[in-house]
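Chemist: Have a look at the structure that comes next, please.
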Amino acid sequence: MENFIRRHKKTAASLAAAIALIAAFLSDLGGAWDHIKNLIDKPEPLSIIQARLTPIFRHPEMRHGREQASLSLQIRNYGQTEITLTSSVLSVTDGSGISVEGGLSKGGCTLGPNPNENTPLTIAPGQTEWITVGRHVNLLGVSNYLTEEKLSQIDVHSPNGEPFTIVDSRYVDDINRFFANTYGPDAKIKVVIRSIPSEEHVFFFNVAQGKDMYSKDGSLHHDWFIANWKEWKNRKTFAGYVCKQPMPTL
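Letter by letter, the sequence shown follows residues 584 to 833 in the working numbering.
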């Protein structure tokens, strides 16, 4: 009888330990699920208002990098707390012929992939700021589309003497067709913007679905690109905005 009780005490103790272990596991699992659910349900606080590709090396004598463009984004913070941006990573997806080049733009509002080389940029709730992504996009073949003959037919609207948009928006549809035929209709530019402490904000820009400057839905403004390709000599600011952030120090 004594041995029977002793054996069942051990069984009961083992069973209690197993129940406690299962309870702890379920508790951890529930906590992990709550964390995952919060991540899924958490809305993206940043919204892209405008996106612009600006030609970099447009000068006719430039042989290398002539079809490279820099991407600038107007970002608004719809969250309830300020967000400090630290870096950005550029890539392309779902297309061919379009690529990311090793060139790196510099400036107070420019965020490259290495946060140690950038000046962090803070956006308060409800505020809007411009940034320029550090890496360049190579639009292979675009110079074959924007020939001098075609450019001679395009009128550029230049308030304050700086190229801003084009008069005939049909050329936006035209360049969209060129991009779709050259890179594929689903070719996208992907930007991952990192912020403190360890958040990532991911945005996609379909190259063949660009719009004009009247659009504020985050689409690429192809009228800006065409205007700045033609009137590159008259450009006063790199992407049409004045950076209020200090220049990074060496």
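Using N, Cα and C, we set each Cβ at its ideal position, and we do this for glycine too.
(1) So, helix, strand or coil for Arg649, using DSSP?
(2) Quick check on the DSSP output: what are the complete alpha helix (DSSP H) runs of length 4 or more inside the region 677-757, in order along the chain?
(3) At what residues does the beta strand (DSSP E) containing Phe787 begin and finish?
(4) Grouping DSSP H, G and I as helix and E and B as strand, with all else coil, what is His618?
(5) Let me make sure I understand the geometry here. Which of Ala634, Ile658, Gln663 has the alpha-carbon closest to that of Ala652?
(6) Using CA atoms only, rank isn't needed, just tell me which of Asn699, Gly793, Glu783 is closest to Pro768.
(7) Quick one: what's Ala634 bridged to in DSSP?
(8) Compare the beta carbon distance of Ile681 and Val675 with 8 Å and say whether it is the shorter of the two.
(9) Starting from Ile772 and walking both ways along the beta strand (DSSP E), at which residues does that stretch end?
(10) Any idea what DSSP makes of Lys794, helix, strand or coil?
(11) Should Val569 go down as buried or exposed, given a rule of 16 or more other Cβ atoms within 10 Å for buried?
(12) By a C-beta neighbour count over all protein chains shown, 10 Å radius and 16 as the cutoff for buried, is Tyr797 buried or exposed?
(13) How long is the line joining the alpha carbons of Asn727 and Ile758, rounded to whole angstroms?
(14) Name, in chain order, the residues that DSSP records as bridge partners for Ile666.
(15) Suppose you measure from the CA of Leu734 to the CA of Ser752; what does that come to, to the nearest Å?
(16) Classify Ser778: buried if its beta carbon has 16 or more other beta carbons within 10 angstroms, exposed otherwise.
(17) Residues in its own chain within less than 7 Å of Tyr754 by CB, not counting five upstream and five downstream?
(18) Count the other CB atoms, across all protein chains shown, that sit within 10 Å of the CB of Arg718; report buried if there are 16 or more and exposed otherwise.
(19) Does any heavy atom of the ligand PLP sit closer than 7 Å to the C-beta of Trp807?
Modeler: To lay it out plainly:
(1) For this step, residue 649 is matched to residue 66 along the sequence shown. Here Arg649 sits in coil by DSSP.
(2) 725-728, 731-734
(3) One-based indexing of the sequence shown puts residue 787 at position 204. Element bounds for Phe787: 782-789.
(4) For the purposes of this step, residue 618 is identified with residue 35 of the sequence shown, where counting begins at 1. Confidence is the limiting factor: at His618 the pLDDT is only 48, short of 50, which leaves the residue's position unreliable and the question unanswerable from this model.
(5) Stepping through the sequence shown from its first residue, residue 652 is reached at position 69. Comparing Cα-Cα distances from Ala652 to each of Ala634, Ile658, Gln663, the minimum goes to Ala634.
(6) Here residue 768 corresponds to residue number 185 of the sequence shown, with the count starting at 1. It is Gly793.
(7) For this step, residue 634 is matched to residue 51 along the sequence shown. DSSP, once it has assigned bridges, lists Leu656, Leu803 as partnering Ala634.
(8) In the sequence shown, the residue the question calls residue 681 occupies position 98. In the sequence shown, the residue the question calls residue 675 occupies position 92. Against a cut-off of 8 Å, the Cβ pair of Val675 and Ile681 comes out as a contact.
(9) Stepping through the sequence shown from its first residue, residue 772 is reached at position 189. Taken as a continuous stretch (DSSP letters only), the beta strand (DSSP E) holding Ile772 covers 771-778.
(10) For the purposes of this step, residue 794 is identified with residue 211 of the sequence shown, where counting begins at 1. Strand, per DSSP.
(11) In the structure as shown, the chain begins at 584 and stops at 833. Residue 569 is therefore absent and cannot be evaluated.
(12) By one-based count along the sequence shown, residue 797 stands at place 214. Result: exposed.
(13) Taking the first residue of the sequence shown as 1, we reach residue 727 at position 144. Taking the first residue of the sequence shown as 1, we reach residue 758 at position 175. So the two alpha carbons sit approximately 11 Å from each other.
(14) Taking the first residue of the sequence shown as 1, we reach residue 666 at position 83. Note: Ile666 sits in a beta bridge opposite Ile706.
(15) For the purposes of this step, residue 734 is taken as residue 151 along the sequence shown, with counting starting at 1. For the purposes of this step, residue 752 is taken as residue 169 along the sequence shown, with counting starting at 1. Looking at the two C-alpha atoms, the distance is approximately 14 Å.
(16) Residue mapping note: residue 778 aligns to position 195 of the sequence shown, counting from 1. Ser778 should be labelled buried.
(17) Here residue 754 refers to the residue found at position 171 of the sequence shown. Counting only Cβ-Cβ distances below 7 Å, and skipping sequence neighbours, we find Ile737, Ile809.
(18) Locating residue 718 in the sequence shown gives position 135, where the first residue counts as 1. Arg718 comes out buried.
(19) In the structure shown, the ligand PLP is absent, as is every other ligand, since no ligand is present at all.
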